[in-house]
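Going down the list, the sequences are from chains L and P. Just so we're aligned, residue 1 is where the first sequence starts under my numbering, counting upward by one. Just so we're aligned, residue 115 is where the second sequence starts under my numbering, counting upward by one. Shown next, in structure tokens, is the structure this report addresses.
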Amino acid sequence: DGGITQSPKYLFRKEGQNVTLSCEQNLNHDAMYWYRQDPGQGLRLIYYSQIVNDFQKGDIAEGYSVSREKKESFPLTVTSAQKNPTAFYLCASSHHSATNEKLFFGSGTQLSVL
Amino acid sequence: GQSLEQPSEVTAVEGAIVQINCTYQTSGFYGLSWYQQHDGGAPTFLSYNALDGLEETGRFSSFLSRSDSYGYLLLQELQMKDSASYFCAVRKNQGGKLIFGQGTELSVKP
Chain L
1 DGGITQSPKY LFRKEGQNVT LSCEQNLNHD AMYWYRQDPG QGLRLIYYSQ IVNDFQKGDI
61 AEGYSVSREK KESFPLTVTS AQKNPTAFYL CASSHHSATN EKLFFGSGTQ LSVL
Chain P
115 GQSLEQPSEV TAVEGAIVQI NCTYQTSGFY GLSWYQQHDG GAPTFLSYNA LDGLEETGRF
175 SSFLSRSDSY GYLLLQELQM KDSASYFCAV RKNQGGKLIF GQGTELSVKP
């Protein structure tokens, strides 16, 4: 089955620790995105990548880092510099040539601070 | 700056029709999308408008007026399973980032 997979579903971070959230897609999509969602809020863009080995900052990139070494994978690292990391993190992908540029989302990772 | 405005909550009864509005102010505009998200789940794509007018997909329709920077999602024959959050989203240019509104929580009552 084609789709986009995020892992883990739940993640706990200790003070001063970096953690990495995994995102893999087998849809052959060019673009991938990371969004953060706080309770009762909309989705805020952290980083996005339109092509392998290239990515751009979104609206709230501070305290986060990404890499795009493979088309299928777009991991997000939440660094110790992110002082309020507790949130629901959503990864998405899309195909540039699709006329509606529809985003396909993973099932999300809930990150909490210990 | 850029902003998308939509009502925070809407309540309707089963079988009714509900309209969720979205107004946007962005430095560029390529298209308006709508997504549905059930509690704790992933958002799923509902519809997309790049040109003025109405797009219909089953019980859901979406409308866009580019001159008014306004769109809406129309849900007909409401069902209990339609209770969810609905987000409008604007893409400023082809292949560029997608900016989401704060979401409208729809509650469908029996």
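We put the beta carbon where it would ideally sit given N, CA and C, even for glycine. In this text, all values refer to a predicted model and were calculated from it rather than measured experimentally.
Does the Cβ-Cβ distance between Ile51/L and Leu27/L come in under 8 Å?
no
Compare the beta carbon distance of Leu146/P and Gly185/P with 8 Å and say whether it is the shorter of the two.
yes
Which residues in the same chain have their Cβ closer than 7 Å to the Cβ of His152/P, if we skip the five residues on either side of it in sequence?
Ala198
Give the list of continuous beta strand (DSSP E) stretches no shorter than 3 residues that lie fully inside the stretch 45 to 101 of chain L.
54 to 57, 64 to 66, 76 to 78, 87 to 94
Return the CA-CA distance between Lys70/L and Phe55/L, expressed in angstroms with no decimal places.
12 Å
Using alpha carbons as the reference points, say which of Glu119/P, Val127/P, Tyr149/P lies closest to Gln193/P.
Val127/P
Rounded to whole angstroms, what's the CA-CA distance from Pro85/L to Phe74/L? Just pull it up for me.
18 Å
Is it buried or exposed, Arg173/P, if we count other Cβ atoms within 10 angstroms and call 16 or more buried?
exposed
8 Å Cβ cutoff, Leu212/P in contact with chain L:
yes
Would you kindly work out how many angstroms separate the C-alpha atoms of Tyr138/P and Gly58/L, rounded to a whole number?
18 Å
Determine whether the Cβ of Glu115/L lies closer than 8 Å to any Cβ atom of chain P.
Residue 115/L lies beyond the range of chain L shown here (1 to 114); nothing can be said about it.
Leu43/L and Leu90/L - do their beta-carbons sit closer together than 8 Å?
yes
Using DSSP with H/G/I as helix, E/B as strand and the rest coil, what is Lys195/P?
helix
Arg205/P CB to nearest chain L CB: under 8 Å?
yes
Same chain, Cβ closer than 7 Å to His29/L, five either side skipped, listed in chain order
Ser93, Ser94, His95
Work out the CA separation of Lys14/L and Ser181/P for me, nearest whole Å.
49 Å
Neighbour flag for Ser107/L against chain P, beta carbons, 8 Å
yes
On a Cα-Cα basis, can you pick out the residue from Gly129/P, Ile131/P, Ala130/P, Asn135/P that is closest to Pro121/P?
Asn135/P
Own chain partners of Glu191/P with C-beta closer than 7 Å, once the 5 adjacent residues on each side are dropped
Gly129, Arg173
Out of curiosity, what's the CA-to-CA distance linking Leu45/L and Gly108/L?
14 Å
Within 10 angstroms of its Cβ, does Pro39/L collect 16 or more other Cβ (buried), or is it exposed?
exposed
Under 8 Å between C-beta atoms, does Gln216/P make it to chain L?
yes
Where Asn207/P falls: helix, strand or coil (DSSP)
coil
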